[in-house]
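*Asks:* Respectively, the protein sequence lines represent chains B and C.
Throughout, my numbering is defined as the position within the first sequence, counted from one, plus 54.
At position 63 of the second sequence the residue is numbered 48 (my numbering), and the sequence of numbers has no breaks.
Glycine included, each C-beta is placed from N, C-alpha and C at the ideal position.
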Amino acid sequence: RMSILEYNGAAIIAMAGKDCVAIAADTRLGVQAQTVACDFRKVFKMNDRLFVGLGGLATDVQTVDQLLKFRQNLYELREERQMSPKVFSNVLSNILYEKRFGPYFIEPIVAGLDENNKPFLSGMDLIGAPVYTDDFVVTGTATGNMYGMCETLYKPDMEPEELFETLSQALLASVDRDALSGWGAVVHIITKDGVTSRELKARQD
Amino acid sequence: MDTVFGVKYDGGVIIAADQGNARSILMYQKNLDKVVPLSSHSALGISGPNSDLVNFSEYVQKNIALYELSNDGMKLSTHAQANFMRGELAAALRRGPYQVNVLLGGYDAGAESSSLYFLDYMASLQKVNYGCQGYASSFCLSIMDRDWKEGLTEDEAIAIVEHCMKELQTRFLIAQPNFIIKVIDKDGVKVAKFGADPADT
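See the structure below:
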């Protein structure tokens, strides 16, 4: 029997470009080897400049998405300002560590633009240990594949159009060699002018 | 092992389930109704141990009834019912999980559309066009992948359900002679067919 983090399957990558970030995920919902749905959402828009990708157990993906929305709403009511990506990442880390001895089985990545429109990326493990990078972060059941593709294809300061191409190719090639992820993909490009979301034409196997 | 499946069509949704109630080597009952009406226009196909099956479905059913009583007759949408159930399953998951896998089908008069929701025992929720719970999924999902299309009629949807039942009867190791099929559309929840009358005690 496989690990609980591999029960449903996922592949999510976020990459930084020139004054932009992009985050992409597959859309498969599986139950071990069987595919149940091909339109399952794993990347959630928290606001126009902040996305979170949640890879892992599907029920916890949905629960943590709801919890994050709750915490974000409370913050914005009290502070009367938007949560910056760095603060959001910290809140998420806190939520996960609170359950240190009975964790949510998810390993999230955060992608956003800070106050100066500079890209922000972070990833963390299921108990909230964060890592901050300036190039890319990955999570899911195909991380080995994704790290290899990103390391090869990535270059700094890509414009949004090139970032989209690079990220899409990195994700597609990675999921094609992983049985548990794939069956469709969605990519979001975030710039100071807004978000562009596209569905990728992917192998349906 | 219970079989539950559902197929959405234009203007409604079909929920079907086997009628067996068994544990270990014993068959307790052959006319159990596992498609529980939750409201006037929604029904829950539910599989799992009889204790959780009955407890969870009744709990949800009564809470939905309470909502309508408390809110001047306002009906909960199928989406809302599904999310209520997901919340209860998620909360119970790390306390003492309900080991039920369900398919919720409903018709919403306001939106004039039907919807089908897959919800497993761990509270993973997904809106789908067709779905199966149990071993049936290994046999029936690919049949539904092939046969289902946008804009089906009620008869075409029932044909898909019967195609799935036939496949199970041919190839599934466990004999499930009785199935109950329910249709949910603008006129409510009604029984299309059953193998054995659930009311026969």
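1) Taking Cβ-Cβ distances shorter than 8 Å, what residues in chain B pair up with F103 (chain C)?
2) Using 10 angstroms around the beta-carbon of K4 (chain C), count the other beta-carbons present and answer buried if the total reaches 16, otherwise exposed.
3) Identify the contact partners of L110 (chain C) in chain B, using a Cβ-Cβ distance below 7 Å as the criterion.
4) Could you check whether the Cβ of F94 (chain B) sits closer than 9 Å to any Cβ belonging to chain C?
5) On a CA-only basis, which of C:I0, C:D(-13) and C:M70 is nearest L228 (chain C)? Give me that one, please.
6) Going by the beta-carbon positions, is the gap between L150 (chain B) and A165 (chain B) smaller than 9 Å?
7) As a quick exercise: from C:L11, C:Q84, C:L17 and C:M(-14), pick the residue whose alpha carbon is nearest that of A181 (chain C).
8) Using a Cβ-Cβ distance cut-off of 9 Å, determine whether L187 (chain C) contacts chain B.
9) Starting from the beta carbon of S122 (chain C), find every residue of chain B whose beta carbon is closer than 9 Å, and list them in chain order.
10) K19 (chain C): which of C:L126, C:S127, C:E43 and C:Y52 sits nearest, CA to CA?
11) I need the boundaries of the alpha helix (DSSP H) containing Y151 (chain B), first residue and last residue.
12) Give a yes or no on whether the minimum CB-CB distance between T113 (chain B) and chain C is below 9 Å.
13) Within its chain, find whatever has a CB closer than 6 Å to the CB of Q116 (chain B); leave out the 5 residues flanking it on each side and keep chain order.
14) So what does N101 (chain B) bridge to, in DSSP terms?
15) Using a Cβ-Cβ cut-off of 8 Å (strictly less than) and excluding sequence neighbours within five positions of L40 (chain C), which residues of its own chain qualify?
16) Under 9 Å, do A142 (chain C) and V(-8) (chain C) count as touching if we go by C-beta distance?
17) Find the nearest neighbour of I77 (chain B) within the set B:V145, B:A112 and B:T220, judged by alpha-carbon distance.
18) D189 (chain B) and P162 (chain B): beta carbons closer than 9 Å?
19) If we cut at 9 Å on Cβ distances, does G274 (chain B) have a partner in chain C?
20) Could you pull out every unbroken beta strand (DSSP E) segment of at least 3 residues lying fully inside the segment 47 to 133 of chain C, listed in chain order?
21) So what's N62 (chain B) in DSSP terms, helix, strand or just coil?
22) Out of C:D140, C:L104 and C:C149, which one is the CA nearest neighbour of F124 (chain C)?
*Replies:* According to the structure shown:
1) Scanning chain B for C-beta atoms nearer than 8 Å to the C-beta of F103 (chain C) yields V90 and A91, reported in chain order.
2) The amino acid occupying residue 4 (chain C) in the given sequence is Gln; Lys does not appear at that position. Result: buried.
3) Q116
4) yes
5) Outside the displayed span of chain C (-14 to 186) sits residue 228 (chain C), for which this structure offers no information.
6) Judged by their CB atoms, L150 (chain B) and A165 (chain B) are not nearer to each other than the 9 Å cut-off.
7) C:L17
8) Here chain C covers residues -14 to 186 and nothing more, so residue 187 (chain C) does not appear.
9) The contacting residues are V85, Q88 and V90.
10) C:E43
11) P139 to E152
12) yes
13) none
14) B:L104
15) For clarity, residue 40 (chain C) is Asn in the given sequence; the question names Leu instead. Once the five neighbours on either side are set aside, the close Cβ partners of N40 (chain C) are Y83.
16) yes
17) B:T220
18) Contact: no.
19) Not covered by the structure: residue 274 (chain B). The range shown for chain B is 55 to 259.
20) 86 to 93, 98 to 104, 110 to 113 and 115 to 118
21) For N62 (chain B), the secondary structure class from DSSP, reduced to helix, strand or coil, is coil.
22) The shortest C-alpha separation from F124 (chain C) is found at C:C149.
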